[in-house]
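All residue numbers for the sequence shown refer to full-length UniProt numbering, where the first residue is 1 and numbers rise by one.
Quick reminder that beta carbons are idealized off the backbone N, C-alpha and C, glycines included.
Please read all numbers here as calculations on a predicted model, not as lab measurements.
Reading through the structure tokens given below for one structure.
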Amino acid sequence: MSAAPLTPPARGDTLDAMTVLLQAWKQGDGQAFARVAEALQNDFMRMAAARLKGNEAITLSQGEVVNEAWLRLMNSPQHWENRAHFFATASLTMRSVLREYARAKLADKRGGRPQQVPLSEAELGEESQAAELLNLDALLSQFSRQDPRAARVLELSYFTGLQRADIAEILDISIPTVDRELRFARAWLSERLEHTIGP
Numbered sequence: 001m002s003a004a005p006l007t008p009p010a011r012g013d014t015l016d017a018m019t020v021l022l023q024a025w026k027q028g029d030g031q032a033f034a035r036v037a038e039a040l041q042n043d044f045m046r047m048a049a050a051r052l053k054g055n056e057a058i059t060l061s062q063g064e065v066v067n068e069a070w071l072r073l074m075n076s077p078q079h080w081e082n083r084a085h086f087f088a089t090a091s092l093t094m095r096s097v098l099r100e101y102a103r104a105k106l107a108d109k110r111g112g113r114p115q116q117v118p119l120s121e122a123e124l125g126e127e128s129q130a131a132e133l134l135n136l137d138a139l140l141s142q143f144s145r146q147d148p149r150a151a152r153v154l155e156l157s158y159f160t161g162l163q164r165a166d167i168a169e170i171l172d173i174s175i176p177t178v179d180r181e182l183r184f185a186r187a188w189l190s191e192r193l194e195h196t197i198g199p
């Protein structure tokens, strides 16, 4: 017996409609998953592009990052409360994909198959970028434990390509609050990065 058709709120509220779809997906409705994927594919591609920007060491394509993220989300659906929760989870999932790729790259450089020739400057640059990505990931995890909301604002701002108004809507906070949290998060992260890479 097929599931009853989904009926998003009549007023067409995007956030409420997405929450309905996410809840239906959690309950095992494959059609809901397809509709979520279709509705958010462009957002996911933008998120992947933001994640990959400036990380030449990560040779994965946007499509590969997005596909891997969708696979992980599909295989372990959670009780997403709303679109905000889902976006935060998706962003963390993409971060996890890149973190694991960077770790594998470093492992291959340092302890994998023997190197027949010295690493070129390009390869050394790639290894450095992979290490920097892992360091940034560790700092973001630390900051998330200290200030979850500010960390989420930073996550959505830096790594999803969302505008301030979008972040405010997703997190149900005001734009001035987004700005305040972002200033604090940037200052915190900048200070830690200076200590990490300083002389």
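Note that the C-beta distance between W80 and K26 is below 8 Å. The criterion of a C-beta distance shorter than 8 Å is satisfied by E181 and R149. A straight-line Cα-Cα distance of about 10 Å links L40 and F87.
In the structure shown, Q41 adopts helical secondary structure according to DSSP, grouped into three states. Pairing L98 with R152 gives a Cβ-Cβ distance that is not under 8 Å. The residue from L73, R83, A104 with its alpha-carbon nearest to that of M94 is L73. Of the residues assessed, T19 falls on the buried side of the cut-off, its CB having 16 or more other CB atoms within 10 angstroms. E155 is the residue among E155, L139, A102, S190 whose C-alpha sits nearest the C-alpha of S91.
Take the alpha-carbon of Q142 and the one of F184: they are about 14 Å apart. For S157, the closest alpha carbon among the candidates E100, R46, E68 is that of R46. Taking C-beta atoms as the reference points, R186 and I175 fail to come closer than 8 Å. Here R83 is buried. Its C-beta has 16 or more other C-beta atoms within 10 Å. Ranked by Cα distance from R192, the first of V36, L171, L140, A37 is L140.
Here the alpha carbon of A48 sits roughly 10 Å from the alpha carbon of N42. Where Q62 is concerned, the enclosing alpha helix (DSSP H) starts and stops at 62–75.
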